[in-house]
Amino acid sequence: MILALLNVDISPSRLQAFSKTIMKLSTYSYVALSAMFTSRCFATTTLPSAAFPSSMIEFSSTFEQPLPPSVGTEYTASFLQHKWNLNLSHITAGYIYSSPRALKVRADEAYALNLASSLFDYNNISSSGLVSNIMYSFTPSIASSPTVFNDYVNPDFPLFTEDILVQNSAVFTGLVRRDMNGVVASWSIMYQNEIPVTIFVDACDTVVGYDYFSPGLRTRVVTEFFNILVGPVPDEVFKWPQQ
4 MILALLNVDI
14 SPSRLQAFSK
24 TIMKLSTYSY
34 VALSAMFTSR
44 CFATTTLPSA
54 AFPSSMIEFS
64 STFEQPLPPS
74 VGTEYTASFL
84 QHKWNLNLSH
94 ITAGYIYSSP
104 RALKVRADEA
114 YALNLASSLF
124 DYNNISSSGL
134 VSNIMYSFTP
144 SIASSPTVFN
154 DYVNPDFPLF
164 TEDILVQNSA
174 VFTGLVRRDM
184 NGVVASWSIM
194 YQNEIPVTIF
204 VDACDTVVGY
214 DYFSPGLRTR
224 VVTEFFNILV
234 GPVPDEVFKW
244 PQQ
């Protein structure tokens, strides 16, 4: 039918081969989709129990406070982040590399005529608990000369260790729906014993985002991950030009 609409003249043998190819591709697509929808990690349905046990549903008669899990830590991911307070509203998107093994996080991002690449080195922490940060930014385009920032900061991109939920005595705060990841588990901690953070974890114990509130400037930050790849992050990702 498609070929007819395109007014393509094709022999019966080629038409038959074309039809078999389409059927084969359809079968592959069905198998791939079936695997995705039956995966324990695929939680975008309206029923949380599709990926999580009924004991984690707040108003279930079988509910029990779950123990905080260990989480996958070495990963790369696309991200969206919105940070706001009375003085600003900052929305950025980009790609993040997180490696507790190297004690480093790199975030490449784009926002309001800016392209930036930021390296947070958790090997280098100040006496006040701030993290070393080097950021190269280009504005209004990549053709511009870079501006280099090099100082200690309180990062918007924390380094999540495997036992972050366990060591911080995380409290399960329910199953919630996130825009990019569907139904996930939320866990609340006090990061550095002073900042309330909610960490979102999927059914495979992968961190898929976090929200926090910083009391100092009454700042709210919402971060979502997607296209997440769990696994070792290459060392060359963190090689920065010498200052």
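Its first residue numbered 4, the sequence shown is counted upward by one per residue in the working numbering. Even for Gly, the Cβ is constructed at its ideal location relative to N, Cα and C. Since we're looking at a predicted model, the values are computed, not measured.
* Tell me, please, whether the region 135-152 touches the region 163-182 by the rule of three or more beta-carbon pairs shorter than 8 Å. => no
* With a threshold of 16 other CB atoms inside 10 Å of the CB of Lys107, please say whether the residue is buried or exposed. => Mapped onto the sequence shown, residue 107 falls at position 104. Buried.
* **Cβ neighbour criterion (16 or more within 10 Å) applied to Ala1** => For the chain, the structure presents residues 4 to 246; residue 1 sits outside this window and is missing.
* Asked: Ile167 by DSSP, collapsed to three states: which one?
  -> Along the sequence shown, one-based indexing puts residue 167 at 164. Three-state DSSP puts Ile167 in a helix.
* Asked: Does DSSP put Val151 in a helix, a strand or coil?
  -> As a first step, residue 151 is located in the sequence shown; it is residue number 148 there, counting from the start. Here Val151 sits in strand by DSSP.
* **Exposure of Lys27, with buried meaning 16 or more beta-carbon neighbours within 10 Å** => Your numbering for residue 27 matches position 24 in the sequence shown. Because Lys27 carries a pLDDT of 41, less than 50, the predicted location of this residue cannot be relied on, and the following value inherits that uncertainty. Exposed, by the Cβ-count rule.
* Asked: Just how far apart, CA to CA, sit Asp125 and Ala110?
  -> Translated into the one-based positions of the sequence shown, residue 125 becomes position 122. Translated into the one-based positions of the sequence shown, residue 110 becomes position 107. It should be noted that the sequence gives Tyr, not Asp, for residue 125. About 14 Å.
* Among all the DSSP beta bridges, which residues are the ones paired with Asn117? -> The residue given as residue 117 occupies position 114 in the sequence shown. Asn117 pairs with Tyr114.
* Asked: How many whole angstroms separate the CB atoms of Ser140 and Asn117, which I take to be in contact at a CB cut-off of 8 Å?
  -> Taking the sequence shown and counting its residues from 1, the one referred to as residue 140 is at position 137. Taking the sequence shown and counting its residues from 1, the one referred to as residue 117 is at position 114. Correct: roughly 6 Å between the Cβ atoms.
* Please classify Val74: does DSSP put it in a helix, a strand, or coil? => Here residue 74 refers to the residue found at position 71 of the sequence shown. Here Val74 sits in coil by DSSP.
* Asked: Would you say the region 68-85 touches the region 224-243, given that touching needs at least three Cβ pairs under 8 Å?
  -> yes
* To do: Go through its chain and collect everything with a Cβ distance to Ser131's Cβ below 7 Å, but skip five positions before and after it.
  => Position 128 of the sequence shown, counted from the start, is the residue given in the question as residue 131. Cβ neighbours of Ser131 beyond the five flanking positions: none.
* **Beta-carbon proximity check, Thr76 vs Glu165, cutoff 8 Å** => Reading the sequence shown from its first residue, position 73 is the one you call residue 76. Reading the sequence shown from its first residue, position 162 is the one you call residue 165. In contact: Thr76 and Glu165 (Cβ atoms closer than 8 Å).
* Taking only the alpha-carbon atoms, compute the straight-line gap between Ser101 and Ser64 and give it to the nearest angstrom. => By one-based count along the sequence shown, residue 101 stands at place 98. By one-based count along the sequence shown, residue 64 stands at place 61. Between Ser101 and Ser64, the C-alpha separation is close to 38 Å.
* Residues sharing a beta bridge with Trp243, DSSP -> Counting from one through the sequence shown, the residue named residue 243 turns up at place 240. Beta-bridge pairing links Trp243 to no other residue.
* Start and end residues, beta strand (DSSP E) containing Met193 -> Walking along the sequence shown from the start, residue 193 turns up at place 190. Looking at the DSSP string, the run of the beta strand (DSSP E) that includes Met193 is Gly185 to Tyr194.
* Asked: Which of helix, strand or coil does DSSP assign to Ser92?
  -> Here residue 92 corresponds to residue number 89 of the sequence shown, with the count starting at 1. Here Ser92 sits in strand by DSSP.
* **Three-state class that DSSP yields for Ala182 in the structure shown** => Within the sequence shown, numbered from 1, the residue matching residue 182 stands at position 179. The question names Ala, but residue 182 in the sequence shown is Asp. The answer is coil: DSSP assigns Asp182 none of H, G, I, E or B.
* Asp205 - containing beta strand (DSSP E), residue span -> The sequence position of residue 205 within the sequence shown is 202, counting from 1. No beta strand (DSSP E) contains Asp205, which DSSP labels as neither H nor E.
* **Residues near Tyr98 in its chain [Cβ-Cβ closer than 6 Å; skip 5 each side]** => Indexing the sequence shown from 1 puts residue 98 at position 95. For Tyr98, where only same-chain residues beyond five positions count, the Cβ hits under 6 Å are Ser81 and Asp111.
* Where does Ser102 fall in DSSP's three states? -> Along the sequence shown, read from residue 1 onward, the residue named residue 102 stands at position 99. The answer is strand: DSSP assigns Ser102 an E or B state.
* Ser58 by DSSP, collapsed to three states: which one? -> Working through the sequence shown from its first residue, we reach residue 58 at position 55. Here Ser58 sits in helix by DSSP.
* Contact check, Val174 vs Ser191, beta carbons under 8 Å -> Counting from one through the sequence shown, the residue named residue 174 turns up at place 171. Counting from one through the sequence shown, the residue named residue 191 turns up at place 188. Yes, these two residues count as a Cβ contact at 8 Å.
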